[in-house]
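What follows is one structure encoded as structure tokens, with my remarks underneath.
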Amino acid sequence: MRVTVDQPKCVASGQCVMLAPEVFDQDDDGIVELLTDTPDTAHHDDVKESAAVCPAAAIHLAEK
């Protein structure tokens with residue numbers, strides 16, 4: 000899985016960080032920061048849920 004984020008779309012809700020802290024973080028303004036664009040398979044479900052609940056639809060997933 001490859002993860003990308005559209006930072007300008009991010010509304011700083013923090014949902015992704017709560018669901019997948021191994022993959023996402025937030026900067027001082029609350030904007031999403033990607034820690035890895037290829038998460039371990041153990042985190043795929045959390046990343047998929049993060050993308051699904053993102054209110055700004057700023058998380059994009061692609062199969063490698």
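Per the numbering used here, the sequence shown runs over residues 0 to 63.
Ideal Cβ placement from N, Cα and C applies to all residues, glycine included.
Neighbour-count burial assignment, residue i, 16 or more Cβ in a 10 Å radius
| i | result |
| --- | --- |
| A57 | buried |
| Q14 | buried |
| A19 | buried |
Beta carbon of residue i nearer than 8 angstroms to that of residue j
| i | j | result |
| --- | --- | --- |
| R1 | D36 | yes |
| P54 | V46 | no |
| L60 | A50 | yes |
Residue i, DSSP secondary structure in three states
| i | result |
| --- | --- |
| A61 | strand |
| D28 | coil |
| L34 | coil |
Delimiting residues of the beta strand (DSSP E) encompassing residue i
| i | result |
| --- | --- |
| V2 | R1 to V4 |
Residue range of the alpha helix (DSSP H) that includes residue i
| i | result |
| --- | --- |
| A50 | H43 to V52 |
| C9 | Looking at the DSSP string, C9 is not in any alpha helix (DSSP H), and its letter there is neither H nor E. |
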